[in-house]
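K.L.:
Residues 1 to 548 in full-length UniProt numbering are what the sequence shown spells out, letter by letter. We put the CB at the ideal spot given by N, CA and C, even for glycine.
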Amino acid sequence: MNAERNNHRWRWLTGGAVAVSLLVFMLLIALLGWQGLRYFWPQPVELFTINTPSGEQQLLGEVAGQQQVSRQQLEASGQPLPPNLPESVTRYLIKTGNRDFAAPDFRTILSAEIVNRTTPGPVIVLQRLSGGNAYGWFDGLKEGGQTLMARDLNQTLQQRLVQARQHIAEAEKLRRVSMARVNTQLEALEKQRSKQVARRNFDAQAQSVYEADRAELQRQFARFASRLSALHVESNNTVLLLRDAAGVTQRIPLGQIISAWQPNTMSTWQKWQHFGDQLWHFVSDSSGDGQRDGGVFPAIFGTILMVLLMSVVVMPLGVIAAIWLHEYAGRNMLTRLVRIAVVNLAGVPSIVYGVFGLGFFVWLMGGSIDRLFFAGTLPNPTFGTPGLLWASLTLALLTLPVVIVATEEGLSRIPPALRQGSLALGATQAETLWHVTLPLAVPAMLTGLILAVARAAGETAPLMLVGVVKMVPELPIDSLFPYLHLDRKFMHLGFQIYDLAFQSPNAEADRPLVFATALLLVLLILGLNLVAMILRHRLRERYRALMH
Numbered sequence: 001m002n003a004e005r006n007n008h009r010w011r012w013l014t015g016g017a018v019a020v021s022l023l024v025f026m027l028l029i030a031l032l033g034w035q036g037l038r039y040f041w042p043q044p045v046e047l048f049t050i051n052t053p054s055g056e057q058q059l060l061g062e063v064a065g066q067q068q069v070s071r072q073q074l075e076a077s078g079q080p081l082p083p084n085l086p087e088s089v090t091r092y093l094i095k096t097g098n099r100d101f102a103a104p105d106f107r108t109i110l111s112a113e114i115v116n117r118t119t120p121g122p123v124i125v126l127q128r129l130s131g132g133n134a135y136g137w138f139d140g141l142k143e144g145g146q147t148l149m150a151r152d153l154n155q156t157l158q159q160r161l162v163q164a165r166q167h168i169a170e171a172e173k174l175r176r177v178s179m180a181r182v183n184t185q186l187e188a189l190e191k192q193r194s195k196q197v198a199r200r201n202f203d204a205q206a207q208s209v210y211e212a213d214r215a216e217l218q219r220q221f222a223r224f225a226s227r228l229s230a231l232h233v234e235s236n237n238t239v240l241l242l243r244d245a246a247g248v249t250q251r252i253p254l255g256q257i258i259s260a261w262q263p264n265t266m267s268t269w270q271k272w273q274h275f276g277d278q279l280w281h282f283v284s285d286s287s288g289d290g291q292r293d294g295g296v297f298p299a300i301f302g303t304i305l306m307v308l309l310m311s312v313v314v315m316p317l318g319v320i321a322a323i324w325l326h327e328y329a330g331r332n333m334l335t336r337l338v339r340i341a342v343v344n345l346a347g348v349p350s351i352v353y354g355v356f357g358l359g360f361f362v363w364l365m366g367g368s369i370d371r372l373f374f375a376g377t378l379p380n381p382t383f384g385t386p387g388l389l390w391a392s393l394t395l396a397l398l399t400l401p402v403v404i405v406a407t408e409e410g411l412s413r414i415p416p417a418l419r420q421g422s423l424a425l426g427a428t429q430a431e432t433l434w435h436v437t438l439p440l441a442v443p444a445m446l447t448g449l450i451l452a453v454a455r456a457a458g459e460t461a462p463l464m465l466v467g468v469v470k471m472v473p474e475l476p477i478d479s480l481f482p483y484l485h486l487d488r489k490f491m492h493l494g495f496q497i498y499d500l501a502f503q504s505p506n507a508e509a510d511r512p513l514v515f516a517t518a519l520l521l522v523l524l525i526l527g528l529n530l531v532a533m534i535l536r537h538r539l540r541e542r543y544r545a546l547m548h
């Protein structure tokens with residue numbers, strides 16, 4: 001009776017712990033979603049008229065935050081205060097944008113300073129590649145120095161923005177594919193010439209062929225470069241005239257504008273459509289120019305690719321090590337020492353793995369590979385520098401103990417009668433392992449993979465030493481042979497969060513992006529884990545009958 005009562009208590013305790021864990025996880029998702037997703041919703045733009053020592057001044061922007069503060073708090077901060085300040089006032093944080101011509105793009109004002117506050121209808125917001133958002137009034141378009149005349153300037157603006165984005169996309173494709181392919185062919189031609197010179201068979205005929213091929217490639221490159229220059233001129237040929245709150249007209253090329261909208265006149269449907277467009281731009285854009293208003297697709301791609309490569313490396317090593325420990329090693333001092341080492345490795349700080357990866361993988365292995373196979377490119381390293389391959393191997397080493405422990409636990413849960421029955425029927429130990437033991441241990445292996453993916457996808461500290469960077473000019477996969485470039489550096493969502501939160505010159509503007517990127521990373525890890533969990537569930541159901 002007491003045992004049943006204790007079991008009942010433990011069930012309630014376990015269920016309560018699971019419920020609390022799920023509640024905390026849902027609160028985390030809600031917090032990240034609220035703080036991050038509202039960044040993409042079009043906020044109303046307000047015009048403030050405030051009193052300053054030099055007279056009245058107008059501020060145009062979004063209310064990013066507000067709080068109630070006392071007069072004593074303001075006096076303690078040391079900031080100049082307006083006369084006749086009440087005991088309690090509201091302090092507003094206004095996102096005024098226009099960072100490049102009216103810095104800073106955040107201003108703090110007090111409710112006692114506000115003379116007038118309105119919401120003007122025709123205010124336009126410009127999302128730019130650099131300099132943050134711009135706020136003002138749309139005064140027209142100029143193309144080639146001539147003012148454009150149209151019945152609906154807003155519609156004309158949207159059409160010209162689409163054309164500018166098409167020109168930019170064509171220019172990116174030209175640079176990343178066509179010009180990169182010509183560069184690769186030129187490098188291959190130079191390597192072939194160097195080999196012929198080293199073998200002393202670079203005669204007059206070879207010289208003629210080399211010069212003809214090189215001239216043709218240079219002609220193609222010059223043609224692509226000319227087209228690229230023309231596309232840049234076309235994308236920036238049309239200029240938007242923006243009148244700011246101070247009445248100064250700014251000239252902004254359309255090639256620098258990502259999107260333009262008038263939030264104060266948008267309907268609910270238009271706001272939802274804008275929200276979807278902004279969210280899709282954030283997830284899918286791959287401009288790769290290092291601007292903070294660009295998308296995070298290179299970071300998503302780099303995170304998934306690194307996790308896949310890590311999984312390909314860590315799963316065979318972890319499974320083989322677990323099989324040796326459980327099936328072949330026996331019970332001796334060596335086995336106990338190996339198990340102690342595996343357990344201790346699981347508790348080593350991740351930054352230590354990063355230092356090891358930098359010293360062993362990058363400097364020792366990468367440097368040796370360069371000396372053996374890429375001596376012609378030295379002193380410029382090929383594999384002797386941080387890159388995707390070394391980052392994946394470092395994280396594989398980091399997560400190896402997790403896979404070993406999970407796989408060995410799965411092997412220990414298989415009934416000995418199944419092994420003994422297989423051996424009694426004449427199967428060898430290797431055949432028993434391959435046809436009986438391993439299939440039953442696959443769910444446990446996938447459990448180890450789930451834990452490894454969850455830890456590796458969220459690591460940042462070791463990656464900063466072995467390959468992750470703030471911005472990359474090219475993705476690790478492209479249309480050029482060998483297509484998967486393991487020597488290239490890559491972007492990672494975890495490092496993006498760190499960079500936006502701690503290395504940003506304008507932390508207030510990038511704070512919503514920190515939450516949005518964190519939400520994206522959590523959802524990405526959750527998606528990868530769900531795929532592995534679904535696969536594990538199907539395999540477990542398949543072998544459940546055999547287990548019983």
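Excluding five sequence neighbours on each side, which residues of the same chain lie with their C-beta closer than 8 angstroms to the C-beta of H281?
P.N.:
Once the five neighbours on either side are set aside, the close Cβ partners of H281 are I258, S259, G295.
K.L.:
Quick test of your reading: Y353 and T394, contact by CB under 8 angstroms. State the CB separation rounded to the nearest angstrom.
P.N.:
Contact flag correct, Cβ pair sits at about 6 angstroms.
K.L.:
In chain order, what residues of the same chain have a beta carbon less than 6 angstroms from the beta carbon of G448, not counting five sequence neighbours either side?
P.N.:
Within the same chain, G448 has close Cβ partners V402, V403, A406, T407.
K.L.:
Please check the pair L129 and T96, which I expect to be a contact at CB under 8 angstroms, by giving their CB distance rounded to whole angstroms.
P.N.:
Going by Cβ atoms, the distance from L129 to T96 rounds to 19 angstroms, so no, they are not a contact pair.
K.L.:
Looking at the strands, I want to know which residues DSSP matches up with Y353.
P.N.:
Answer by DSSP bridge pairing: none, since Y353 is not bridged.
K.L.:
Report all residues from its chain with a CB closer than 7 angstroms to the CB of V514; omit the five preceding and five following residues, and keep chain order.
P.N.:
I497, L500, A501, listed in sequence order.
K.L.:
Would you mind reading off the limits of the alpha helix (DSSP H) that contains R214?
P.N.:
204-235 is the span of the alpha helix (DSSP H), which, as asked, contains R214.
K.L.:
Report buried or exposed for F361, applying the criterion of at least 16 other Cβ atoms within 10 angstroms of its Cβ.
P.N.:
Buried is the call here.
K.L.:
Measure from the alpha carbon of I124 to the alpha carbon of each residue in L153, Q205, F106, E459, then state which is nearest.
P.N.:
Out of L153, Q205, F106, E459, L153 has the C-alpha closest to the C-alpha of I124.
K.L.:
Pull up the distance between the alpha-carbon of G16 and that of V24, whole angstroms please.
P.N.:
Answer to the nearest angstrom: the Cα atoms are 12 angstroms apart.
K.L.:
DSSP three-state label for I29, please.
P.N.:
The answer is helix: DSSP assigns I29 an H, G or I state.
K.L.:
Cα-Cα, which of L440, W34, F495 is closest to L465?
P.N.:
For the residues L440, W34, F495, the minimum Cα distance to L465 belongs to F495.
K.L.:
Rounded to whole angstroms, what is the Cα-Cα separation between Y135 and L242?
P.N.:
Each residue's alpha carbon lies about 8 angstroms from the other.
K.L.:
On a Cα-Cα basis, can you pick out the residue from R336, K489, Q262 that is closest to P120?
P.N.:
If we check each option's Cα against that of P120, Q262 comes out closest.
K.L.:
In angstroms, rounded to a whole number, what distance separates the CA positions of A457 and L423?
P.N.:
Approximately 41 angstroms between the Cα atoms of the pair.
K.L.:
Do L486 and G387 come within 8 angstroms of each other at the CB atom, strictly closer than that value?
P.N.:
Yes, they are a contact pair.
K.L.:
Tell me, please, which residues DSSP counts as bridged to I94.
P.N.:
In the DSSP output, where bridge partners are listed per residue, I94 has V63, R107.
K.L.:
In terms of residue numbering, what span does the beta strand (DSSP E) encompassing A134 cover?
P.N.:
First-last of the beta strand (DSSP E) with A134: 134-143.
K.L.:
Using only alpha-carbon positions, find the residue among R99, F40, I300, L13 that is nearest to Q273.
P.N.:
Residue F40 is the option with its Cα nearest to Q273.
K.L.:
Pick helix, strand or coil for T303, following the three-state DSSP scheme.
P.N.:
Of the three classes helix, strand and coil, the one that applies to T303 here is helix, per DSSP.
K.L.:
Answer yes or no: do R413 and T437 have a C-beta to C-beta separation smaller than 8 angstroms?
P.N.:
No, these two residues do not count as a Cβ contact at 8 angstroms.
K.L.:
Quick check on G426: buried or exposed, where buried means 16 or more other Cβ atoms within 10 Å of its Cβ?
P.N.:
So G426 ends up on the exposed side.
K.L.:
Measure from the alpha carbon of V348 to the alpha carbon of each residue in A329, A461, L279, Q256, then state which is nearest.
P.N.:
Selected option, being the one with the closest Cα: A461.
K.L.:
Alpha carbon to alpha carbon, how far is R488 from F373? Give it in angstroms, no decimals.
P.N.:
Cα to Cα, F373 sits roughly 17 angstroms from R488.
K.L.:
Give the single residue among M533, V453, Q429, F138 whose Cα lies nearest to the Cα of residue 551.
P.N.:
Since the displayed the chain opens at 1 and closes at 548, residue 551 lies outside it and no answer follows.
K.L.:
Within 10 Å of its beta-carbon, does I160 have 16 or more other beta-carbons around it, so buried, or fewer, so exposed?
P.N.:
For clarity, residue 160 is Arg in the given sequence; the question names Ile instead. R160 should be labelled buried.
K.L.:
Would you tell me roughly how many angstroms separate the C-alpha atoms of N133 and I369, rounded to the nearest one?
P.N.:
Roughly 47 angstroms between the two C-alpha positions.
K.L.:
Closest to E409 by C-alpha separation, out of N236, E431, L446, would be which residue?
P.N.:
For E409, the nearest C-alpha among the options comes from L446.
K.L.:
I'd like to confirm the pairing. Which residues does DSSP put opposite F48 in its beta bridges?
P.N.:
Beta-bridge pairing links F48 to L59, R117.
K.L.:
So, is F490 buried or exposed, given that buried needs 16 or more other C-beta atoms within 10 angstroms?
P.N.:
The residue is buried, with at least 16 neighbouring Cβ atoms inside 10 Å.
K.L.:
By the 10 Å Cβ neighbour count, where 16 or more other Cβ atoms means buried, how is S54 classified, buried or exposed?
P.N.:
Per the 10 Å Cβ criterion, exposed.
K.L.:
Going by the CB atoms, is the gap between A112 and P86 shorter than 8 angstroms?
P.N.:
Contact flag set, yes.
K.L.:
Please return the same chain residues whose Cβ sits closer than 6 angstroms to the Cβ of M310, not counting the five positions on each side in sequence.
P.N.:
S392, L395, A396, A456.
K.L.:
When the Cα of T428 is compared with those of E327, A299, L484, P379, which residue comes out closest?
P.N.:
Residue E327 is the option with its Cα nearest to T428.
K.L.:
With a floor of 3 residues, list each beta strand (DSSP E) that falls wholly inside the stretch 458-501, ordered by position along the chain.
P.N.:
None, since the stretch 458-501 contains no complete beta strand (DSSP E) of that length.
K.L.:
So, under 8 angstroms CB-CB, T156 and A164 are touching, yes? Tell me the CB distance rounded to an integer number of Å.
P.N.:
Actually they do not touch by this definition, with Cβ atoms about 12 angstroms apart.
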